[in-house]
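Report on the structure given below.
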Amino acid sequence: MKASFIKAFDILIIGVVLTLVTIGILFIYSSGIDSKGNLVTNEYIKQLIWASCGLILMIFFALFDYRKFEKHIYWVYGALCIILLLLKILARSHKGASSWIGIGEFGIQPSEFGKIAFAFSLSKYLTDTERLHPLLRLAGATGLLALPAGLILIQPDTGTASTYVAIYFLMLFFSDIPLRFTLFIFGIATSTIFFTILPIWNQFIKDNSYYIINALTIPTLKILIIGTAITICLFCLIVRRYFKGPKYFYWLSYGFAIISAGLILSTPVLKVLEKNVYQEKRIVSFLDPTKDPQGAAYHLNQSLIAIGSGGFRGQSYLHGTQSHLRFLPEQSTDFIFSVLSEESGFLGCLVIFVLYFLFLSKNISIIQNTSNKFGYYIAAGFLGMYSIHFFVNVGMVMGKMPITGLPLMFISYGGSSLITAMASAGILMGIQYRKYNFS
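Reading the sequence shown from the start, the letters are residues 1124 to 1562 in our numbering.
Below, the structure written as structure tokens:
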């Protein structure tokens, strides 16, 4: 029994997780110190409390058989969607998004915990529908994504919604659904993002210099463009199917279908963003940080200064100027990596990169070695969740990605994110321990 208990825990996962969490607490503490050396926040204490709760959950999920959730998971999915719907009415606003519930200083973000519920739900669906036609299977999986992601998007919380999309795509990629179908959906997602950002970029970065792009903001002209794209798509499809046209007609219809869907879906996304002009500007500010240096690009410019001042070895722990002079906004949450870069330099960043590489590599290994389909898909979903949080957050603070407010899992301040990350790590250990498809 004792040997079995010990085998449930993976030394690499536990070591990496505890190291990252410890580093996070240390730099959250540093971010709370002002230029006079006074501690002005108690965030590190709260993070210690959340880390303790996360550690308990990580141990619990490593020992508990995750497969026992399988038959109840759709009820959990339904509860998640109801909670997300009620958040728009009952939740308190935080950074412009109605996504938090709580009392006083303590609050939780249900959409963070919902990532686990969504991964379990989609895994259950993909496991149960392996004999279903791929297109029907894909449609059902997309429907499971659309409801929670749409409810999160209207909060509005584009960063968290993008995490659900990443979980969805990684699970589809590791499924038996043909790659061309998955790439079709990925193309639609990319096209939607492009046609959403393009008019915002034209308005705020280029000051409406391209009149042809302005057509995307005029409803009548946009409907005409969508109609033209759909007509070309149908024409190419008919020529290929009924007149045996060359194969490139198939790919033309494929491409114009993606363009049409992207144009259509970008319309409601733009309407959501129009209600928060500042968020619109933040999304495109990385394309030209000099355009609004004291406004939408302020966060990014201060982050770049902090990272650049770190150099190779950093300014040393507790001696970062940008963070301690309070020039760096959201320095314990979204921009914690900037604080770390400033104080520990390139060497400190390299340590974080290596730790995440080890963790993600272990996640991939678990996917490859489990024979239980339910656990296989869950592990794939978690790979998408951890990956997007890491690459988007690091890219965001370096000015390579839009500023979407995604925290750096295990390191950024925030109880909901930390507990979700640690609980998911425990589930990964549970999947590895029960990698063979028997009790």
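All residues carry an ideal CB built from backbone N, CA and C; glycine is no exception.
Under 7 Å Cβ to Cβ from residue i, same chain only, skipping five residues before and after it: list those, please.
i, result
"T1340", "P1322"
"L1178", "M1545"
"L1135", "L1481 and K1485"
"L1423", "S1408, F1409, P1412, G1522 and I1526"
"I1206", "P1233"
"L1267", "S1244, L1245 and Y1248"
Starting from residue i, trace the alpha helix (DSSP H) in both directions and tell me its first and last residue.
i, result
"K1194", "Counting along the chain, K1194 falls outside any alpha helix (DSSP H), and DSSP gives it neither H nor E."
"Q1454", "Note, Q1454: premise wrong, no alpha helix (DSSP H); not H, not E."
"K1345", "P1342 to Y1365"
"Q1326", "L1302 to F1327"
"T1444", "T1444 to H1447"
"Y1404", "Per the sequence shown, the amino acid found at residue 1404 is Lys instead of Tyr. Where K1404 is concerned, the enclosing alpha helix (DSSP H) stretches over V1400 to V1407."
"M1519", "K1496 to V1520"
"G1538", "G1538 to Y1556"
"L1391", "Sequence inspection shows Pro at residue 1391; the Leu mentioned does not correspond to that position. Start and end: Y1371 to E1397."
"F1183", "E1166 to L1186"
Where does residue i land, buried or exposed, given buried means 16+ other C-beta within 10 angstroms?
i, result
"M1124", "For M1124, the predicted structure reports a pLDDT of 43, less than 50, and the residue's modelled location is therefore unreliable. A value from the coordinates is still provided. Looking at its Cβ environment, which holds fewer than 16 other Cβ atoms inside 10 Å, M1124 is exposed."
"H1447", "buried"
"S1383", "buried"
"P1416", "exposed"
"D1330", "exposed"
"G1418", "exposed"
"G1471", "buried"
"T1343", "exposed"
"L1347", "exposed"
Leaving out the 5 sequence neighbours to the left and right, which residues in its chain are closer than 8 Å to residue i when beta-carbon positions are compared?
i, result
"Q1402", "G1219, P1279, T1281 and L1396"
"I1277", "K1211 and V1395"
"K1414", "F1327, I1328, S1408 and A1420"
"N1325", "N1331, S1332, Y1333, I1336 and N1337"
Who are the near neighbours of residue i in its chain, counting only those whose CB is closer than 6 Å to its CB and skipping five residues on each side?
i, result
"A1503", "L1293, M1294, F1297 and I1490"
"F1184", "A1546, G1549, I1550 and G1553"
"I1164", "According to the sequence displayed, residue 1164 carries Thr and not Ile. If we look at T1164 and ignore the five residues flanking it on each side, its Cβ neighbours are G1155."
"Y1167", "I1148, I1151 and Y1152"
"L1386", "F1318 and I1349"
"S1246", "F1497, Y1500 and I1501"
"Q1454", "S1154, S1446 and V1462"
Quick one: is the Cβ of residue i within less than 7 Å of any heavy atom of the ligand FAD?
i, result
"F1292", "Ligands are entirely absent from the displayed structure, and the ligand FAD is therefore not among its contents."
Enumerated in chain order, which unbroken segments of the beta strand (DSSP E) with a length of 3 residues or greater are wholly contained in the region 1226 to 1288? 1229 to 1231
The region 1420 to 1436 contacting the region 1475 to 1492, beta-carbon criterion three pairs below 8 Å: no
Would you call the region 1305 to 1313 and the region 1521 to 1533 in contact, with 3 or more CB pairs under 8 Å? no
If you pair each beta-carbon of the region 1292 to 1301 with each one of the region 1248 to 1265, do three or more pairs fall below 8 Å? yes
Just checking, does the region 1500 to 1514 make contact with the region 1131 to 1150 on the three C-beta pairs under 8 Å criterion? no
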